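Asks: For reference, the structure I am asking about is given below.
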Amino acid sequence: MRVNGLERPDATDPRLLLSDHLRHGLGLTGTHVGCEHGVCGCCTVLLDGHPVRSCLLLAVQARGHEVSTVEGLAADGKPLHPIQVAFNECHGLQCGFCTPGFLMVTSALLATNPEPSEAEIEEAISGNLCRCTGYAGIRRSVRRAAELTGR
Amino acid sequence: MSTRLFGERIARKEDDRLLRGRGRFTDDIDEGALECAFVRSPFASARIRSIDVTAARSAPGVVAVYTAADVPFGDRELPLLIPHPLLTNPRTQRCLASKVVRYAGEAVAFVIAESRYLAEDAADLVEVDYEPLPAVVTPEVSARAEHLVHEDVPGNVAADVTQVVGDPDGALATATHRLERRLRMERSAAQPLEARAVWARWDEDERRLTVYNSTQSPTSIRGGLAVLFGLPETSVDVIAPDVGGGFGPKIMLFNPDELLVPYAAMQLGRPVKWTEDRREHFTAVSHERAQVHEVRFGFDGEGRLLALDVDFLHDGGAYTPYGIILPIITAAQLPGPYRVPNYRVRFRDLYTNCTPTSPYRGAGRPQGCFVIERVMDAIAAELGLDRAEVRRRNLVQPDQFPHAVGTMWQDGGMAVYDSGDFPELLRRAVEALGPRPEGGGVGMGLAMYVEGTGVGPYEGAHVQVLVSGKVVASTGIPSQGQGHGTVFAQVVADELGVGIEDVTITSGDTRRFPWGVGTFASRGAVMSGNAMAIAARAVAEKAKKIAAEHLEADPGDLELASGEVRVKGSPGRALPLAAVAILSNPLRYAFGGGAEIATQFQARPGAGPPLAPGDAPGLEATGYFSPVSGSTWASGCHAAYVRVDPRTFRLTILKYVVVHDCGRVINPLILDGQIQGGVAQGIGGAFYERLLYDVEGQLTNASFMEFLMPYATEIPEVEIHHLETPSPLNPLGVKGAGEAGTIPVSALLASAIEDATGLRVDEMPLNPDRLYELSRPARSATEG
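Those protein sequence lines, which keep their order, are chains A and B.
Numbering (this note's numbering) for the first sequence: 1012 to 1162.
Numbering (this note's numbering) for the second sequence: 64 to 847.
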C-alpha cells in the first residue's frame, strides 16, 4: 500500500484493522480511534481520495491502494496546509482528537468541490462527531479553508 | 507598555501539533508496551462463585492474568475521594471484584499480552461463574429498598441530607398560590471522543515510575501511586499528555486500570498500556444526571417565589467514590439567580446497580437549573404572566452581592454568590432574541443559571525566563482542549512584557510542576490563571531588582516591555530580559549564549555575596492561588426559538442566544468555543442522549449507534454575548467558563418545547418518540 505517497509495508495479520496498522504498525498516530464502530469519524482517512473509516477496514483491504492520512497534509518543518491554517484561525479544534477526521473530510470535499455551499459543507462534515467545539468553529474553518485553497 | 494580550481574540498556540497529527495522546505512546484487556461483569448484580483463568494464562501471547487474588491490592477497597460527615454509608469498589459485582462493567480480571488483540482473545477464555441477583436500577426502585445493592447499607441510602433556609412550611402555608411538580432527569454520560488510557514504565535502575494517563488530575494519581507502591512521591512521574476531551469523568480516580497498569509494568519489567474501547467506556466510566425531584412551591399573585421545598433522589450508582458532591451542588445552587427566602432541600443519595456517578460537565447544576426554571415557567403559566417578567421579579439584584443562598457549598463552606448583574443578563438575552419567527410549532425558551466556579483548595504555577529570553511556565492541571497553552501564555506574557510567541506552557506534567489538584469545576482560569499571574509578577519583580543594579536605577522606575527591562521614560536605558536571566545566575564558567556577562570578572561587583541571603539563582518564581473560601460565581441567560414538527416531533433550533458573565474575559475566541461547545453538549443531553438501562441493569445502548450524540446537522450557531462583572475574589477578576454552556440547556429546551407543543414538560431528556408518547392522551382527547 502507498501511504501519503510513499510505499509502506502491508499488514501481515489478516485481522488487523487499518486504523491499528496505521497507528501502531506504521507509527502514524495522527489517525485517532474514537469508537471502533464506524460512527465517530475520528479515524477517517482517504482511500484513493475518498473518506473511509479506517476502523471499519482491515489493513489487508488497503493493499494496492493509496491511503492519505493527516500527516500527509503538511510535511514536517513545512508550513501548515491551508485547511490546517483555517482550523487554527477559526478555532476549529479544542482537544484535537476528532480533528484529523475533520481535516481529511474537508480535504476530500475541497478536492472535488472548491467552492462548497453551506449545505454542502454541512453534508461533508455531518458524519464526524466533535464533542468539544459544538461545530460552529468547524463550519467556519471549512468555509475559510475553501477561501484559502481557492487563492 | 506592550499591547495587552489579556482580552484579545488570539488563535491558539497549541494547535500546530494537533493539526499536523503530531499530538501525543496516551495511546500514541508505544515503546513496545504490552497491552491489556479487562474481563468485566456482564451482570448488574451477582455473586461470583469462581473465576478460572487457566485457559487464558496459556493462550497465545499472554504474559499475565490478574484476578483480585493475584494482586496485593486486588481485593482492597479503592479510596473514597471526598469523605463527608453526612455521607453516612460510603462504599467504594474493589480494584478487581472477587466475591460480588454490583454493576455490569465492573472489572473482574485483567489480561496482559503482547497485543490488544491477543489480550482480548484471552479475556474471552476467562471463566467466571456468576450467581445472578436481582438488580436495583432506578432511584425510585432503590428508595423502595426491596433489594439492597450493599447488604450492609439499609434502605440503599448512602446519605440523607436536609437543609432549611427560613421557614418553608410557614411560607408555603400562607402563600396565596401553591403548586407541585415531579421533575425528573435521566442518566447520561460525557463521552469524550478519546476514551481513557494509561501507559506505564518502571525503570528498575533508576527506581522510577513513569505513567501517562488521560486524566484530569495527574497530581492526585501520582500521590496515590506513591502511597500504593511505597515509593517516594519524587520517584513517580504522572503526565497527562494531550487528552482527547474530559468533561468530568476523567477526574474520577482511581479506576482499576490506573493501579493495575503501573503495577503490571513494575512486575513485568516492560512498559504496559491499556486503552479503553468505547463499549468499556460506556459501562466502566462514571455517568451522571439521574435525579428525581418532588417540588412544592408557593408564590404570591405577582409571581414572587415565597417558598420552595425540594425533595430529590440522586442515583449514585453502585459506589460512592466521589462522595456526595453531585447532590450537594444541586441542593446548594438550585435557587439559581433568584431570591428564595424560604427553602428546604432534602436529598437522598441512593445506591443502584448501575455504573457509579461522578461529575459530568455541569455536575448537578443542570438538574438544579431544570427544577428552578420549571418552577419559574409554572408560576408564569399559573398567573398568566410573561415568563421573562416572572424571572425579573425574582432575581437577586446587583446591589445584593455578596448573596448568601444559605446552603452548604462543595468546598465545605457556604454558597455565597460573589458578583453579577442578573437583570442585565435577562434584558440583553430577551433583546438579542428578538421577535418570534413566523410559522406554526414555534416555541420560545428562556433559562437563567448561576455556576459556582473556581473552587479551591489551590493551584500553583512556575514561571521561568530562560537565558534565551524565552519564557516557560507550568501548572499542575492538565488541559483537555480548553486552551491552557494559550490563555495562560496571555497572562504570563502580559506580566513579563514579552510576546505570546515567547511563552510556552506545560500543564499536567508532574515532572514540571508536581503540586495541584486538577481540572474540574470550571476552575482552570481562576486557579491556575491567577497562580500564573502571581508567579509571573514575582518574576517581574525579581527582574527589576537585578536590572536596577545594572542600570543604576530604582526598581520602582523600571518596567518590563518588549522583552526588556527598561527605565520608564528613558528608552535607551534597558536590559534585555535574556540578559537579566543570565545575570540572575552568578557564574564562574561561561557556557555560551552570552553567559559571560554573569561570570565573576564581568558581573558588577556588589557589596555582598553574588547571591544575597534569601536570593535564589535563576529568573524564576513559583506562585500559588488559594481562595480564602467560596467560589467565584459565573452566571448567564440562554434564550431560544425552536420549532417542533407537529407530526414527527423533530426539533429544529431556529435561534439560540447566550448572554454569559464569567468576569473578565481572557480570550474571547476560546471562551466562545467553550460556550458553543457547552451548548452543543447540553442540546445532546436535552434531546438526544440518554443511557437506557433495562430492568436487569443492562445498559442497552452502549454504542454511538444507539446513544445518539449530535452531529453538525443538529447544532445551530449560537449567538454569544458577554457581560463582564469582575470577580472581587481574585487578582485577575476572572470566574470560569468550562461548564456554563451546558447547564441551562435542558431547562431552556423544556421551556421552549412546552411553549411550542403545549405539552407539559416535567422530564429530560426528551426525543421525538417520547414527545409522541406525551402527546397521545391529548391527541386521543381531540380525536375522540
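Don't be surprised by glycine CBs; every beta carbon is placed ideally from N, CA and C.
Note that this is a predicted model, so its numbers are computed, not measured.
Would Tyr652(B) count as contacting chain A if we go by Cβ distances under 9 Å?
Replies: no
Asks: Identify whether Asn830(B) lies in helix, strand or coil by the three-state DSSP scheme.
Replies: coil
Asks: Let me check one thing: in DSSP terms, what residues is Val228(B) bridge-paired to?
Replies: Tyr406(B)
Asks: By the criterion of Cβ-Cβ separation under 7 Å, what are the contact partners of Ser1137(A) in chain B?
Replies: At a beta-carbon threshold of 7 Å, the residues of chain B lying near Ser1137(A) are Tyr774, Ala775 and Thr776, ordered along the chain.
Asks: Residue range of the beta strand (DSSP E) that Thr538(B) falls in?
Replies: That run of the beta strand (DSSP E) goes Val534 to Thr538.
Asks: Nearest CA to the CA of Asn1015(A): which residue from Gln1095(A), Thr1023(A), Leu1037(A) and Asp1024(A)?
Replies: Leu1037(A)
Asks: Would you tell me roughly how many angstroms separate the C-alpha atoms of His723(B) and Ile609(B), rounded to the nearest one?
Replies: If I take the Cα positions, the gap works out to 43 Å.
Asks: When Cβ atoms are compared, which residues of the region 1077-1103 of chain A fall closer than 8 Å to chain B?
Replies: Thr1080, Val1081, Glu1082, Leu1084, Ala1085, Asp1087, Leu1091, Gln1095, Phe1098, Asn1099, Glu1100 and His1102
Asks: Along the chain, where does the beta strand (DSSP E) containing Ala1061(A) start, and where does it finish?
Replies: The question names Ala, yet the displayed sequence has His at residue 1061(A). Here the beta strand (DSSP E) through His1061(A) covers His1061 to Arg1064.
Asks: Pull up the distance between the alpha-carbon of Phe88(B) and that of Leu640(B), whole angstroms please.
Replies: 34 Å
Asks: Of all the CB atoms in chain B, is at least one closer than 9 Å to the CB of Arg1154(A)?
Replies: no
Asks: Closer than 7 Å between beta carbons: that is the criterion. Which residues of the region 1044-1073 of chain A meet it against chain B?
Replies: Gly1045, Cys1046, Glu1047, His1048, Val1050, Cys1051 and Cys1053
Asks: Assuming contact is defined by CB atoms lying nearer than 9 Å, are Ala670(B) and Ser647(B) in contact in what I supplied?
Replies: One thing to note: Ala670(B) has its Cβ no nearer than 9 Å to the Cβ of Ser647(B).
Asks: For Tyr423(B) and chain A, any beta-carbon pair shorter than 9 Å?
Replies: At a cut-off of 9 Å between C-beta atoms, Tyr423(B) does not count as an interface residue with respect to chain A.
Asks: Closer than 8 Å, Cβ to any Cβ of chain B: which residues of the region 1109-1131 of chain A, in chain order?
Replies: Cys1109, Thr1110, Pro1111 and Leu1114
Asks: For a quick check, are the C-beta atoms of Ala160(B) and Val171(B) less than 9 Å apart?
Replies: yes
Asks: Would you list, in sequence order, the uninterrupted beta strand (DSSP E) runs of no fewer than 3 residues that lie entirely inside the region 505-575 of chain B?
Replies: Note on the region 505-575 of chain B: whole beta strand (DSSP E) runs with a minimum of 3 residues are 505-516, 522-528, 534-538 and 566-570, in chain order.
Asks: Counting only the same chain and skipping the five closest in sequence on each side, list residues whose C-beta sits under 6 Å from that of Gly311(B).
Replies: Excluding residues within five positions, the ones whose Cβ falls inside 6 Å are Ala253, Pro422, Tyr423 and Arg424.
Asks: Would Cys636(B) count as contacting chain A if we go by Cβ distances under 9 Å?
Replies: With the sequence shown as reference, residue 636(B) is identified as Arg, and Cys is not the correct amino acid for it. Taking Cβ atoms only, chain A never reaches closer than 9 Å to Arg636(B), which makes this a no.
Asks: Of all Cβ atoms in chain A, is any one closer than 9 Å to the Cβ of Glu257(B)?
Replies: yes
Asks: Name, going along the chain, the residues of the region 705-736 of chain B whose beta-carbon falls closer than 8 Å to a beta-carbon of chain A.
Replies: Leu732, Ile733, Asp735 and Gly736
Asks: Against chain B, does Glu1158(A) count as a neighbour if the rule is that its beta carbon must be under 9 Å from one of theirs?
Replies: no
Asks: How long is the line joining the alpha carbons of Ala599(B) and Pro541(B), rounded to whole angstroms?
Replies: 19 Å
Asks: The beta strand (DSSP E) that contains Thr1055(A), what's its start and end?
Replies: Thr1055 to Leu1058
Asks: What number of angstroms, rounded off, separates the C-alpha of Ile435(B) from the C-alpha of Ile738(B)?
Replies: When rounded, the distance between both Cα atoms is 21 Å.
Asks: Which first and last residues belong to the alpha helix (DSSP H) in which Pro325(B) is found?
Replies: Pro319 to Leu331
Asks: Here's the rule I'm using: 16 or more other beta-carbon atoms within 10 Å means buried, otherwise exposed. How should Asn793(B) be labelled?
Replies: buried
Asks: On the CB-based measure, 16 or more other CB atoms within 10 Å of its CB, does Gly308(B) come out buried or exposed?
Replies: buried
Asks: Is it true that the region 784-803 of chain B meets the region 713-731 of chain B, where meeting means three or more beta-carbon pairs spaced less than 8 Å apart?
Replies: yes
Asks: Could you pull out every residue in the same chain whose Cβ sits closer than 6 Å to the Cβ of Gly504(B), ignoring the five residues on either side in sequence?
Replies: Arg706, Val707, Pro709 and Ala819
Asks: Could you say which of Arg154(B), Arg636(B) and Ile733(B) lies nearest to Thr420(B) if we only look at CA atoms?
Replies: Arg154(B)
Asks: List the residues of chain A whose Cβ lies closer than 9 Å to the Cβ of Phe767(B), in chain order.
Replies: Near Phe767(B) (Cβ distances below 9 Å), the residues of chain A are Gly1045, Cys1046, His1048, Gly1049, Val1050, Cys1051 and Leu1140.
Asks: Output needed for Gln430(B): all residues of its chain with C-beta closer than 6 Å, excluding positions within five of it in sequence on either side, in chain order.
Replies: Met248, Gln354 and Thr393
Asks: Quick check on Asn1099(A): buried or exposed, where buried means 16 or more other Cβ atoms within 10 Å of its Cβ?
Replies: buried
Asks: Can you find the residues in the same chain that come closer than 6 Å, C-beta to C-beta, to Gly1138(A), ignoring five residues on each side of it along the sequence?
Replies: Gly1052
Asks: Mapping DSSP to helix, strand and coil, what is Thr383(B)?
Replies: coil
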